[in-house]
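Following: one structure in structure tokens, then a few remarks.
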Amino acid sequence: MAKKRILTGVTTTGIPHLGNYVGAIRPAIQAAAAEDTESYLFLANYHGIIKCHDPAMIDDSTRAVAATWLACGLDTERTTFYRQSDIPEILELNWILTCITAKGLMNRAHAYKAAVQVNIDAGLEDQDHQIEMGLYSYPILMAADILMFQANQVPVGRDQIQHVEMARDIAQRFNHRFGKNLLTLPEALIDENVQLLVGLDGRKMSKSYGNTIPLFQTPNQRQKAVNKIVTNLKEPGEPKAKDESPLFEIYQAFATPEETQAFEQALNEGLAWGEAKKLLSAKIGAELDSKTDAYNDLIAHPQRIEEILQAGAHKARVEARELLAQVKDAVGIHTLK
Ligand code: ADP
Ligand code: TRP
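Right, dumping it as structure tokens:
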């Protein structure tokens, strides 16, 4: 039986935090280890420049995201790991797909609609005020990313389901119009069990809220970050329930069910918040400290990251060229015979 292809992209606009690790990085690395799958993972830097207009941030993030995945154990033999901008075929496919995508489909995209809503709420006459074409046609670029490598499944967060469905629509339209079953129809893969990690303030941990705990820190820095998690004024010895501080859920994301149960019991029996924070910081460290050295080493040697990305791009381009040639041929772009 043919192997199932899984593909996903990570936008290069931030420095990875514990939420990204628990919700995306750890499960993806586990999924890529399965025998019946082939996986593709890429740094979506052309997506990055849609929302982020700070070149230094795009550069830092590309380095940090790549080093994070590698330090967390991504097996680059099993996973084709590349940077979007190293595969120019994606942009060629993007244009061909743009020519068959209904404008109405893009009008319905969530990101565009949200930007329009901001303008309407501000009472502006021009609903498209300051909205750029990159944001508007972003689902087509995402479709090109996915269809270029014939992905069957695309693991994404819930906010991205609509984009994967659009990629499927676009592929169907292409296949129908050109009478060939060239493009594989993808589907979104949503992990029902993925934990949404809470941040220091009790909201979802997110770089947009400034409430994150960075993934790679020294034990001291981490303890300082963990100490900022909100708790209440209960004294040592007073019983505490697990929902009285976000620290319990973070602990749970790094502990076995037995350890989690013991932690809950200790809180019920009056464990001091200060002690709980020490236990939490140690628990996170037990999973991440060994990876921190690898991360720092990669960050100090960007050339190593570059070599890995180039090797991934080389592998990916062989396939991309092949599919693109067939797609161009299907639309009538080829050498004259
Ligand atoms: P952020 O909210 O920090 O901007 P992104 O939107 O870039 O994070 O998310 C990147 C990946 O990390 C996505 O797959 C998303 O589902 C996952 N992720 C982000 N925040 C969390 C969180 N708090 N808990 C679990 N997963 C998360
Ligand atoms: N748009 C996705 C996000 O913001 C990232 C992404 C770009 C992606 N291209 C993709 C995800 C292709 C899956 C497949 O998270």
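Each residue of the sequence shown is one higher than the one before, counting from 1234 in the numbering used here. In this text, a Cβ means the ideal position worked out from N, Cα and C, and glycines have one as well.
Query	Result
For residue 1353 versus residue 1363, is the C-beta distance shorter than 8 Å?	no
With distances taken between CB atoms, is the gap from residue 1277 to residue 1309 smaller than 8 Å?	no
In angstroms with no decimal places, state the Cα-to-Cα distance between residue 1374 and residue 1324.	8 Å
Mind checking residue 1299: buried by the 16 CB within 10 Å criterion, or exposed?	buried
Hey, could you find the ends of the alpha helix (DSSP H) residue 1243 is sitting in?	No alpha helix (DSSP H) contains residue 1243, which is instead part of the beta strand (DSSP E) from 1237-1244.
From which residue to which residue does the alpha helix (DSSP H) around residue 1350 run?	1343-1354
Keeping to the same chain, check which residues put their C-beta closer than 6 Å to that of residue 1514; ignore five residues upstream and five downstream.	1455, 1456, 1459
Would you report the Cα separation of residue 1471 and residue 1499, rounded to the nearest angstrom?	11 Å
Between the alpha carbons of residue 1390 and residue 1345, how many angstroms are there, rounded?	18 Å
Using 8 Å as the threshold, is the C-beta distance between residue 1381 and residue 1546 below it?	no
Tell me the rounded alpha-carbon separation between residue 1540 and residue 1301.	16 Å
For residue 1271 and residue 1461, I'd like the C-alpha separation in whole angstroms.	41 Å
Measuring only the C-alpha atoms, how far is residue 1504 from residue 1379?	49 Å
CB of residue 1559 to nearest heavy atom of ligand 3: below 7 Å?	For the structure depicted, ligand 3 is absent and the ligand set comprises only ligand 1 and ligand 2.
Can you tell me whether residue 1360 is helix, strand or coil according to DSSP?	coil
Could you tell me the alpha carbon to alpha carbon distance between residue 1307 and residue 1396, rounded to whole angstroms?	25 Å
Got a sec? Which residues, its chain only, sit under 8 Å from residue 1242 by beta carbon, not counting five neighbours each side?	1274, 1275, 1276, 1277, 1280, 1317, 1375, 1378
Looking at the structure shown, is residue 1536 part of a helix, part of a strand, or coil, going by DSSP?	helix
Does DSSP classify residue 1296 as helix, strand or coil?	helix
Mind checking residue 1506: buried by the 16 CB within 10 Å criterion, or exposed?	buried
Which residues in the same chain as residue 1525 place their Cβ atom closer than 6 Å to its Cβ, once the five residues preceding and following it in sequence are excluded?	1449
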